[in-house]
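In what follows, a structure is listed as structure tokens, so that the remarks can point back to it.
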Amino acid sequence: MDWTEKYRPTTLSEVRGNDKARDKLHEWARSWDDHGEAVIIYGAPGIGKTSAAHALANDMGWSVMELNASDSRTADKIKKVAGGAAMNQSLTSTGRQLVILDEADNLHQHKDRGGAGAMTDLVKEANQPVVLIANDFYEMSRGLRNACKDIEFRDVGKRSILPVLRDICRKEDIQYEDAALDRIASTNDGDLRGAIKDLQAAAEGRDRITVDDVSTGDRDRTQDIFSLLDAVLKEQSPEEALQTAYDTDETPDDLLQWVEDKVPTVYEGDEVADAYGYLAKADRWLGRVRATQNYTYWRYATDNIAAGVAAARTRDRGGWTRYGGAPYRSYRDSTRDYIAERIAESAGVSTATARREIMPFLAVMTHHCKNRELTVLMAARYELDAEHVSFITGSGESTNKVQDIVADAEELREQEAVEHSGGAFAGGVAESEMDGEEGDDADGEDEEVAQATLGGGDDGSGDGEEEGREADAEAAEDDDQQSGLGDFM
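Below is the structure:
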């Protein structure tokens, strides 16, 4: 079991290294009935912000509703999930429920579809205590910051880390050299979570830790994550990639975001689809963690993120890859989320299903706009602009090819609005096939897949539709048995 979860503080008195911040948080909770304010806890990753929030709830006898901003950025989701919890009375004897919004600084830019505004309204009107957790206080909107009390958690220093490491060794019945723990604490100065992970790695298979058992060198978090990406996407076996993931100072939630965002940078064709299948399973396990607060499920999520995605690779890659910046702050992520939301709305599926089941296949079928009619159909169906078509196809946003496709898609949408036919998109594909103006037999097969993916089809395809429904049912049954994508539908 992950020691960062096994030894997560259960009371605020066990939170190390932020005594003043801890006391402020406790005072905020004790006096909440008087002021009714929400609070923002902010500071670097790995210093115990989320642990402190859960420990506070335990001390106060409050139940917990936790929401992650990376998964719930839309106004509707904020109002439905967090809003429902914040406005209603808890079932606990205290009558209070603590609403925790983790990664609250991710509620920004146009991708949140009103999430930041909805959260600002929520904290002003909530009948229950609300804690927002953020790494970067100033990434949050000014309105949201002004509506809340704020408490800064600072890096946990070496002097505070050492007692934690000694206590864990005592509980695990592990002997140690003082120099070994000192090296771990020095290497992770400021990062308690990283120190505990390094201690667990050094103690693996041993009952005594010496200084030689501790890897040397300062921890570089950025290098860690890029090393993991190389391991999973380019070079290591599934078993090796899994071990690298265990040694990386990131939570499974963070690993999922990074790997999910960078898969298309390295993988091609079927590799992309297979990788997203494993990531969908990981997302399911993480959903169970959030629903049950049972962190033993993290292990299964990491298995799929690292070993599963590595197993989807059909060949190793060498050389250097430009991965770009963090996924939750990248323009690429914003564009991807917007497209997934459009697909989800049109297809009647979840955003996660759209992102991991549908988008990879669209990317393969419309690669570089080779199948032009299908690309026009896609842009029309989901009302995509040039930046979105460019994202899916890999063609340049400013190219004439992409601009013409967007213009034709707009014309197709206008035609649909005038005719009120409900089948114009599918008809466009069918006419293209009949005219034989585009591609070869392979393109024709793509058109058939596209009609199923995009929800098209004509009135004369009854037999095909029946077979499709039977195939879908069998696929859904298989997915359910394998804890796969069917669980998201």
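With the numbering used here, letter number 425 in the sequence shown gets 427, and the count goes up by one each step, no holes.
Even for Gly, the Cβ is constructed at its ideal location relative to N, Cα and C.
Scanning Glu375, Ala382 and Ile307 for the CA closest to the CA of Arg344 turns up Ala382.
When Cβ pairs closer than 8 Å are counted between the two stretches, the stretch 230-237 is seen to touch the stretch 259-274, the count reaching three or more.
For Gly50, the CB contacts under 8 Å within the same chain, skipping 5 residues up- and downstream, are Pro11, Val17, Arg18, Gly19, Asn20, Phe155, Val158, Leu194 and Arg195 in chain order. Bounds of the beta strand (DSSP E) holding Asp104 are Gln99 to Asp104. The C-beta distance from Ile43 to Val133 rounds to 6 Å, short enough to fall under 8 Å. Closest in C-alpha terms to Gln177, from the list Ser33, Gln202 and Ser352, comes Gln202. Excluding sequence positions up to five before and after Asp175, its CB lies within less than 8 Å of the CB of Asp209, all in the same chain and listed in chain order. Cα atoms of Thr304 and Leu244: separation of roughly 7 Å, rounded to the nearest angstrom.
Judged by DSSP in its simplified three-state form, Glu416 adopts helix.
Counting the other Cβ atoms within 10 Å of the Cβ of Tyr384 gives 16 or more, which makes it buried. Straight across, the Cα-Cα distance linking Thr13 with Glu39 is about 22 Å.
For Glu154, the enclosing beta strand (DSSP E) stretches over residues Cys150 to Glu154. Listed as beta-bridge partners of Arg210 by DSSP are Gln177. Within a 10 Å sphere around the beta-carbon of Gly48 sit 16 or more other beta-carbons, which makes this residue buried. Within the same chain, Thr13 and Leu14 come within 6 Å of Asp61 by CB-CB distance, once the 5 residues on both sides are set aside. Our two residues, Phe139 and Cys150, have alpha carbons roughly 11 Å apart in a direct line. In the structure shown, the three-state DSSP call for Met67 is strand. Bounds of the beta strand (DSSP E) holding Ala136 are Val132 to Ala136. Look at Val166 here: in three-state DSSP terms it is helix.
With a cutoff of 8 Å on beta-carbon distance, Pro362 and Val274 are scored as near each other.
According to the DSSP assignment, Ile198 belongs to the alpha helix (DSSP H) that extends over Leu194 to Ala205. Here Ala205 has Ile176 and Ile211 as same chain residues with Cβ atoms under 6 Å from its own Cβ, once five neighbours each way along the sequence are excluded.
It is roughly 56 Å from the alpha-carbon of Asp318 to the alpha-carbon of Trp34.
Going by C-alpha positions, Gly119 is about 21 Å away from Ala342. Around the CB of Ala23, 16 or more other CB atoms lie within 10 Å, so the residue is classed as buried. By the CB criterion at 8 Å, Ala314 and Ala277 fall inside the cutoff.
Lys264 and Tyr325 have their C-alpha atoms some 6 Å from each other. Excluding sequence positions up to five before and after Cys371, its CB lies within less than 8 Å of the CB of Thr377, Val391, Thr395, Ser397, Lys403, Val404 and Ile407, all in the same chain and listed in chain order. Of the candidates Ile198, Leu231 and Phe228, the residue whose Cα lies closest to the Cα of Val216 is Ile198. Leu231 is the residue among Thr353, Trp30 and Leu231 whose C-alpha sits nearest the C-alpha of Gly321. Residue environment for Thr52: buried (at least 16 other C-beta atoms within 10 angstroms of its C-beta). Looking at the DSSP output, Tyr269 shares a beta bridge with no other residue. DSSP links Ala40 through a beta bridge to Cys150.
Cβ-Cβ distances below 7 Å link Glu179 to Ile211, Thr212 and Val213 in the same chain, with the five nearest sequence neighbours on each side left out; the list follows chain order. For Val17, the secondary structure class from DSSP, reduced to helix, strand or coil, is coil. Annotation: Glu29 to His56 spans about 15 Å, alpha carbon to alpha carbon.
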